[in-house]
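Peer 1: Going letter by letter, the sequence shown gives residues 0 to 180 in numbering that gives the first Met the number 0.
One structure, as structure tokens, below. Some questions next.
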Amino acid sequence: MEHAEGPHKVFFALLATTGMRAGELLGLELQHVSSDCKTIYVRQSSWQGQLQSPKSKAVRDIELCDEMAEVLRAYVATRNRGLLFSTRSGRPISQSNLLRRVLHPILKQVGIEPAGYHAFRRFRATLLRESSGPEEIIKFWLGHSGGSDVTDRYSKLAERVALRVKKAGDRPWIYNGTYGT
Numbered sequence: 000m001e002h003a004e005g006p007h008k009v010f011f012a013l014l015a016t017t018g019m020r021a022g023e024l025l026g027l028e029l030q031h032v033s034s035d036c037k038t039i040y041v042r043q044s045s046w047q048g049q050l051q052s053p054k055s056k057a058v059r060d061i062e063l064c065d066e067m068a069e070v071l072r073a074y075v076a077t078r079n080r081g082l083l084f085s086t087r088s089g090r091p092i093s094q095s096n097l098l099r100r101v102l103h104p105i106l107k108q109v110g111i112e113p114a115g116y117h118a119f120r121r122f123r124a125t126l127l128r129e130s131s132g133p134e135e136i137i138k139f140w141l142g143h144s145g146g147s148d149v150t151d152r153y154s155k156l157a158e159r160v161a162l163r164v165k166k167a168g169d170r171p172w173i174y175n176g177t178y179g180t
């Protein structure tokens with residue numbers, strides 16, 4: 000994100016801190032942001048330049064940490080309507096153009112293999128699980144249904160060797176100095 004500029008920096012930061020789908024973020028209008036910029040209301044998405052309803056079960060409210068809310072507040076500034084991210088003519092930005100023209104060149108610049116927007120969702124899912132976030136809230140924020148195992152496929156905790164080593168050392172099976180059953 001530090002290599003992105005202007006609106007792109009805010010866009011990628013929101014993807015990483017919310018786990019929103021790119022189309023949901025590109026379909027976000029200012030009316031879908033709380034006045035204090037601490038909550039995003041996912042009510043529509045953008046697909047191929049057209050606004051539409053989000054995926055089923057994806058209508059949700061996503062709370063932001065204070066730091067991200069401050070970034071969003073500064074980005075929104077005095078605007079009060081329209082898309083949060085749009086072309087100069089006010090139309091939704093093309094996901095594929097943004098990927099090809101902005102994200103992939105940044106990844107190449109920093110020596111990372113090209114990846115898509117779901118990398119941000121996987122990052123968010125993994126981070127929330129790593130911090131022992133409640134599973135129901137994680138699935139809600141990501142827009143996954145309650146019984147869905149999609150979040151399981153997003154999470155990359157098993158790949159984090161240092162975390163596995165730390166968790167192995169936590170000894171959760173020991174209770175009051177004795178081994179639990």
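Just so it is clear, CB atoms sit at the ideal spot from N, CA and C, and this is done for glycine as well.
In the structure shown, what three-state DSSP assignment does L82 receive?
Peer 2: For the purposes of this step, residue 82 is identified with residue 83 of the sequence shown, where counting begins at 1. The answer is strand: DSSP assigns L82 an E or B state.
Peer 1: When the Cα atoms are used, what is the spatial distance from L126 to I137?
Peer 2: Here residue 126 is taken as the residue at index 127 of the sequence shown, counted from 1. Here residue 137 is taken as the residue at index 138 of the sequence shown, counted from 1. Rounded to whole angstroms, L126 to I137 spans 10 Å at the Cα level.
Peer 1: Could you check what DSSP says for Y40 in three-state terms: helix, strand or coil?
Peer 2: Numbered from 1 along the sequence shown, position 41 holds the residue referred to as residue 40. Y40: strand per DSSP, three-state reduction.
Peer 1: So who's on the other strand from W140, going by DSSP bridges?
Peer 2: Counting from one through the sequence shown, the residue named residue 140 turns up at place 141. BP columns for W140 are empty, so no partner.
Peer 1: Looking at the unbroken alpha helix (DSSP H) that takes in Q66, where does it start and where does it end?
Peer 2: Counting from 1 along the sequence shown, the entry for residue 66 is found at position 67. Note that residue 66 corresponds to Glu in the displayed sequence, not to Gln. 65-75 is the span of the alpha helix (DSSP H), which, as asked, contains E66.
Peer 1: Report the residue from A161, L141, G132 whose alpha carbon sits nearest the alpha carbon of G18.
Peer 2: Residue 18 sits at position 19 when you count from the first residue of the sequence shown. Minimum Cα distance to G18 is reached at L141.
Peer 1: DSSP state of E112, grouped into three classes?
Peer 2: Residue 112 sits at position 113 when you count from the first residue of the sequence shown. Of the three classes helix, strand and coil, the one that applies to E112 here is coil, per DSSP.
Peer 1: Starting from I33, follow its DSSP beta bridges and name the residues at the other end.
Peer 2: Taking the sequence shown and counting its residues from 1, one reaches residue 33 at position 34. Residue identity differs from the one stated: residue 33 is Ser in this sequence, not Ile. Beta-bridge pairing links S33 to no other residue.
Peer 1: Rounded to a whole number of angstroms, what is the C-alpha to C-alpha distance between F11 and V109?
Peer 2: Within the sequence shown, numbered from 1, the residue matching residue 11 stands at position 12. Within the sequence shown, numbered from 1, the residue matching residue 109 stands at position 110. One C-alpha to the other measures close to 15 Å.
Peer 1: Are the beta-carbon atoms of L71 and V32 separated by less than 8 Å?
Peer 2: For the purposes of this step, residue 71 is identified with residue 72 of the sequence shown, where counting begins at 1. For the purposes of this step, residue 32 is identified with residue 33 of the sequence shown, where counting begins at 1. Yes, the pair counts as a contact, with Cβ atoms nearer than the cut-off.
Peer 1: What three-state label does DSSP hand P133 in the structure shown?
Peer 2: Translated into positions along the sequence shown, residue 133 becomes position 134. Correct three-state label for P133: coil.
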